[in-house]
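Asks: The structure that follows is given in the form of structure tokens.
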Amino acid sequence: MAAPSASPREDGSRRQPVSVAQSVRSATFAALACGVVVCAGAGTAMAAPTPDAIAEIAPRTALSFAHTPSGTRVGTPNQTAARPGLSIVKLYIADYMIRRGDGSAEDRELGQRMIRDSDDNAADRAYAKYPHSVDAIAAEYRLTSTTGAGYWGNSATSTADTVAFLEAKKTTDPTSPILDWMATAAPVAADGTHQNWGTGRLPSVTGTKWGWSDYGPSVVASASFGPDFSVAANTYGTTDQHTSDVLGAFGPEPGPPPAPDQIPIGEVIDRYNTGDDRLLNQLASAIPPDWTLPATILPPAP
């Protein structure tokens, strides 16, 4: 069989013929590079949690959930009941202050402290300055179970209202610093309470706000959002009971997907090195035998 002749280029020069070995070598290197990219860049995109066991939640807990892309909203029978707003209403105060306040650096600092650190002193100062903020936000977003009070900590809201608020912020005001502050909440609040329970424990959560009572019977709440959902819960009970009810509403947490079948890189080279290319043989001998690639990136063996 005659050797392939060089073909002319558009500029008149001659293109050098490409050998079979060179083609195999290029294809092999391309496959290896592709495999490296796939291995390094493969990440598990967690889907929104599914509240498939929401009907089993004890009456002590109210819970609401919204799926952003579809607009679907579900909740417990008591999701619209007005309950102690706790520090969840700091979301409403901060939203009013940031968008309708005097635009001062002080207001922004107070808002950040209220959301990230759940700082009651910051809320005291903000509410003293904007005493109608909770009622104003309730009217604007049609939060029908939300009412302010003389002291912000005595305000009331429902889990359905909180989810409606979070969905509105995500869709109409996605650059709101409130969402950023929720996403960068401090691990420990200003009063020493750990902020790592409730809806914040659900998969795919991006940001969370927590609330708890300082006096009287224990009441706790949490509200979170993710890329395609919002969720809020309020429990007449402890943080452990609250977390148990929340996680139970969404059933067992899904495990990671099974890892794809792997194939040794040396085997990949042997499969395509039909011309016994010297460089490919050297490459195969230099690669550790436990180095692998996802088998799915390669076509079936001929």
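At position 274 of the sequence shown (counting the first as 1) the number is 274 in this note's numbering, and the numbers step up by one without a gap. A virtual CB, placed ideally from N, CA and C, is assigned to each residue, including glycine. The model shown is predicted, which means the values in this text are computed figures rather than measured ones.
Using a Cβ-Cβ cut-off of 6 Å (strictly less than) and excluding sequence neighbours within five positions of threonine 147, which residues of its own chain qualify?
Replies: Counting only Cβ-Cβ distances below 6 Å, and skipping sequence neighbours, we find Ala156.
Asks: Looking at the unbroken beta strand (DSSP E) that takes in arginine 278, where does it start and where does it end?
Replies: It is not in any beta strand (DSSP E) - arginine 278 instead sits in the alpha helix (DSSP H) that spans 278-286.
Asks: Please report the distance separating the alpha-carbon of glycine 238 from that of alanine 232.
Replies: In the sequence under discussion, the amino acid at residue 238 is threonine, which differs from the glycine named in the question. If you take the alpha carbons of threonine 238 and alanine 232, they lie about 16 Å apart.
Asks: I'd like the list of long-range same chain contacts for alanine 33, defined as Cβ closer than 6 Å, with 5 residues on each side in sequence excluded.
Replies: Summary for alanine 33: the model assigns pLDDT 47, below 50, so the residue's position carries little reliability, and this model does not support an answer.
Asks: Can you confirm whether the stretch 108-123 touches the stretch 88-95 when touching is taken to mean that 3 or more C-beta pairs between the two stretches lie within less than 8 Å?
Replies: Short answer: they touch.
Asks: Can you tell which of Ile98, Val220, Ala55 and Asp119 has the C-alpha that lies nearest to the C-alpha of valine 188?
Replies: For the residues Ile98, Val220, Ala55 and Asp119, the minimum Cα distance to valine 188 belongs to Asp119.
Asks: Would you mind listing the alpha helix (DSSP H) stretches within the stretch 92-150 that are 4+ residues and don't spill past its ends, in chain order?
Replies: As far as the stretch 92-150 is concerned, its whole alpha helix (DSSP H) runs of at least 4 residues are 105-116, 120-129 and 133-141.
Asks: What residue does the beta strand (DSSP E) around isoleucine 57 start on, and which one ends it?
Replies: No beta strand (DSSP E) contains isoleucine 57, which DSSP labels as neither H nor E.
Asks: Using CA coordinates, which residue listed in Ile88, Ala126 and Pro84 is at the minimum distance from serine 104?
Replies: When only C-alpha atoms are compared, the closest one is Ala126.
Asks: Using C-beta distances below 6 Å, list every residue in its chain close to valine 219, excluding the 5 sequence neighbours before and after it, in chain order.
Replies: Excluding sequence neighbours, valine 219 sits near Pro84, Ser213 and Tyr236.
Asks: Ends of the alpha helix (DSSP H) at arginine 271?
Replies: Element bounds for arginine 271: 265-272.
Asks: When DSSP labels each residue in this structure, what does alanine 233 get in the three-state scheme?
Replies: In the structure shown, alanine 233 sits in a strand (DSSP, three-state: E or B).
Asks: How would you call leucine 179, buried or exposed, if buried means at least 16 neighbouring beta carbons within 10 angstroms?
Replies: Counting Cβ neighbours within 10 Å, leucine 179 comes out buried, since at least 16 surround it.
Asks: Over the uninterrupted alpha helix (DSSP H) stretch that includes glycine 198, give me the two end residues.
Replies: Taken as a continuous stretch (DSSP letters only), glycine 198 belongs to no alpha helix (DSSP H), as it is neither H nor E.
Asks: Threonine 199 and serine 224 look like a contact to me (Cβ under 8 Å); what is the Cβ gap, rounded to whole Å?
Replies: Between serine 224 and threonine 199 the Cβ distance is about 4 Å, and since that is below 8 Å, they are a contact.
Asks: With three or more beta-carbon pairs closer than 8 Å as the criterion, would you say the stretch 56-68 touches the stretch 131-148?
Replies: Verdict: no, contact absent.
Asks: By the DSSP assignment, the alpha helix (DSSP H) with alanine 183 in it spans what residues?
Replies: Counting along the chain, the alpha helix (DSSP H) containing alanine 183 begins and ends at 177-183.
Asks: Count the other C-beta atoms from every protein chain shown that fall within 10 angstroms of the C-beta of threonine 296, then say buried if there are 16 or more, exposed otherwise.
Replies: Per the 10 Å Cβ criterion, exposed.
Asks: Measure from the alpha carbon of leucine 86 to the alpha carbon of each residue in Asn154, Asp102 and Lys170, then state which is nearest.
Replies: Selected option, being the one with the closest Cα: Asn154.
Asks: To the nearest angstrom, how far is it from the Cα of threonine 76 to the Cα of alanine 190?
Replies: Near 31 Å, if we compare the C-alpha coordinates of alanine 190 and threonine 76.
Asks: Could you pull the start and end residues of the alpha helix (DSSP H) that glycine 248 belongs to?
Replies: Note, glycine 248: alpha helix (DSSP H), 239-249.
Asks: Using the C-alpha atoms, what's the distance from proline 174 back to valine 246?
Replies: Answer to the nearest angstrom: the Cα atoms are 26 Å apart.
Asks: Have a look at leucine 110 and alanine 123 and give me their C-alpha separation to the nearest angstrom.
Replies: Rounded to the nearest angstrom, the two C-alpha atoms are 7 Å apart.
Asks: Note down, in chain order, each residue of its chain lying with its Cβ closer than 6 Å to the Cβ of alanine 221, except the 5 sequence neighbours on either side.
Replies: Closer than 6 Å at the Cβ level, and outside the excluded window around alanine 221, lie Leu86, Ile88, Gly211 and Asn234.
Asks: With 16 other CB atoms within 10 Å as the buried threshold, where does glutamine 282 fall?
Replies: It is exposed - the Cβ of glutamine 282 has fewer than 16 other Cβ atoms within 10 Å.
Asks: Report the rounded CA-to-CA distance for histidine 67 versus alanine 55, giving the unit in angstroms.
Replies: Each residue's Cα considered, the two are about 17 Å apart.
Asks: Can you say whether alanine 286 is buried or exposed, counting buried as having 16 or more other CB atoms within 10 angstroms of its CB?
Replies: Counting Cβ neighbours within 10 Å, alanine 286 comes out exposed, since fewer than 16 surround it.
Asks: Which residues does DSSP pair with lysine 90 in a beta bridge?
Replies: Per DSSP, none; premise fails for lysine 90.
Asks: Could you check where the alpha helix (DSSP H) with leucine 293 kicks off and where it finishes?
Replies: Where leucine 293 is concerned, there is no enclosing alpha helix (DSSP H), although the beta strand (DSSP E) it sits in stretches over 292-294.
Asks: Identify every residue that forms a DSSP beta bridge with serine 70.
Replies: Answer is none; serine 70 lacks a bridge partner.
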